[in-house]
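**Q** Before anything else, here's the structure in question.
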Amino acid sequence: MVIEHESLEQIARNLLHQRGVTENDIAELVMFLQKPYFENIDLETCLLHVNKVLTKREVHNAILTGIQLDLLAEENKMMEPLQEIVQKDEGLYGIDEILAFSIVNLYGSIGFTNYGYIDKVKPGILKILNSHEGPHVHTFLDDIVGAIAAAAASRLAHDNPTYSDITH
Ligand code: MG
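Under the working numbering, the residues of the sequence shown are numbered -12 to 155, in order.
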C-alpha cells in the first residue's frame, strides 16, 4: 500500500495529539530555545516553523516508529530485556536519541546544540512526558518532540544570520 505524503503527515500529527502533544506545545519549546536570541519572538512564528518541520517525511517516519515502540512497551509486547529497558526508560539505552537524530540532522549542527540543551533542561511538555507517572511510556516520544523543537528552532535561526553570529 502506498500512502500519500499528505495523509502520512496527518497520521503523524494525529498520533502526536493522541499521545498528548500539540503543535502549540512544541512551538512553546521553540520559544524557550529562541527567546535568548530574539527578544520579540512570538508563538505564531515558532508554530510556523514547527509546522514546516512536520511536513518532512523523515519526521513522519520517526514519529510513527517512536510512538509504535512506546505503545508496544506500554502494552507489554516487547521481548525481554528490551521490554524492561524501554518501559523503565533506562538512561544508557540511547536508541530513542538515535531515532530522534534523524530529525535533528535535517537542519545541521545548530540542531544538535539545541537538542542537547532542551534534552537537559526539559521545559514544558518535555517535563510532562518525562514524569514517568501513570501507565504511559514516552521513552521515544520525548526525544522526538525535543528533536522537532530543536529542528524548528534551527530552521528559524537559519532565517536570521545574527543567530549564527552568536553561536559560531
Ligand atoms: Mg527518551
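Each residue gets a CB set at the ideal place from its N, CA and C atoms; glycine is no exception.
Taking the beta carbon of lysine 114 as the centre, do at least 16 other beta carbons fall within 10 Å, making it buried, or is it exposed?
**A** Residue mapping note: residue 114 aligns to position 127 of the sequence shown, counting from 1. Counting Cβ neighbours within 10 Å, lysine 114 comes out exposed, since fewer than 16 surround it.
**Q** Beta-carbon separation of valine 163 and histidine 36 under 8 Å?
**A** The question about residue 163 has no answer here: the residues shown for the chain are numbered -12 through 155.
**Q** Could you spell out where the alpha helix (DSSP H) holding glycine 98 opens and where it closes?
**A** Residue mapping note: residue 98 aligns to position 111 of the sequence shown, counting from 1. Counting along the chain, the alpha helix (DSSP H) containing glycine 98 begins and ends at 96 to 108.
**Q** What's the C-alpha gap between isoleucine 82 and histidine 145?
**A** For the purposes of this step, residue 82 is taken as the residue at position 95 of the sequence shown. For the purposes of this step, residue 145 is taken as the residue at position 158 of the sequence shown. Taking the straight line joining both Cα atoms gives about 28 Å.
**Q** On a CA-only basis, which of Ala14, Gly121 and Gln21 is nearest glutamine 74? Give me that one, please.
**A** Numbered from 1 along the sequence shown, position 87 holds the residue referred to as residue 74. Checked all of Ala14, Gly121 and Gln21; the closest Cα to glutamine 74 is Gly121.
**Q** Three or more beta-carbon pairs under 8 Å between the stretch 88 to 95 and the stretch 7 to 26, yes or no?
**A** The stretch 88 to 95 is not in contact with the stretch 7 to 26.
**Q** Can serine 141 and glycine 98 be called in contact, C-beta distance under 8 Å?
**A** Position 154 of the sequence shown, counted from the start, is the residue given in the question as residue 141. Position 111 of the sequence shown, counted from the start, is the residue given in the question as residue 98. Yes, these two residues count as a Cβ contact at 8 Å.
**Q** Near the ligand MG, which residues have their beta-carbon closer than 7 Å to a heavy atom?
**A** Residues flagged by the Cβ proximity filter: Asp76, Asp83, Glu84, Thr126, Phe127, Asp129 and Asp130.
**Q** Could you say which of Ala(-1), Val124, Glu77 and Val132 lies nearest to asparagine 63 if we only look at CA atoms?
**A** Taking the first residue of the sequence shown as position 1, residue 63 is located at position 76. The residue with the shortest Cα to Cα distance from asparagine 63 is Val124.
**Q** Could you check if leucine 116 is buried or exposed, using at least 16 other CB atoms within 10 Å of its CB as the buried criterion?
**A** Working through the sequence shown from its first residue, we reach residue 116 at position 129. Buried: at least 16 other Cβ atoms inside 10 Å.
**Q** Under a three-way DSSP split, which group does phenylalanine 25 fall into?
**A** By 1-based counting over the sequence shown, the position of residue 25 is 38. Reduced to three states, the DSSP call for phenylalanine 25 is coil.
**Q** For histidine 145, which three-state DSSP category applies?
**A** Translated into positions along the sequence shown, residue 145 becomes position 158. Histidine 145 falls in the helix class under three-state DSSP.
**Q** List the whole-angstrom C-beta distance separating leucine 86 from alanine 49, where the pair is believed to meet the contact cut-off of C-beta under 8 Å.
**A** One-based indexing of the sequence shown puts residue 86 at position 99. One-based indexing of the sequence shown puts residue 49 at position 62. Yes, leucine 86 and alanine 49 are in contact; Cβ-Cβ is about 6 Å, under 8 Å.
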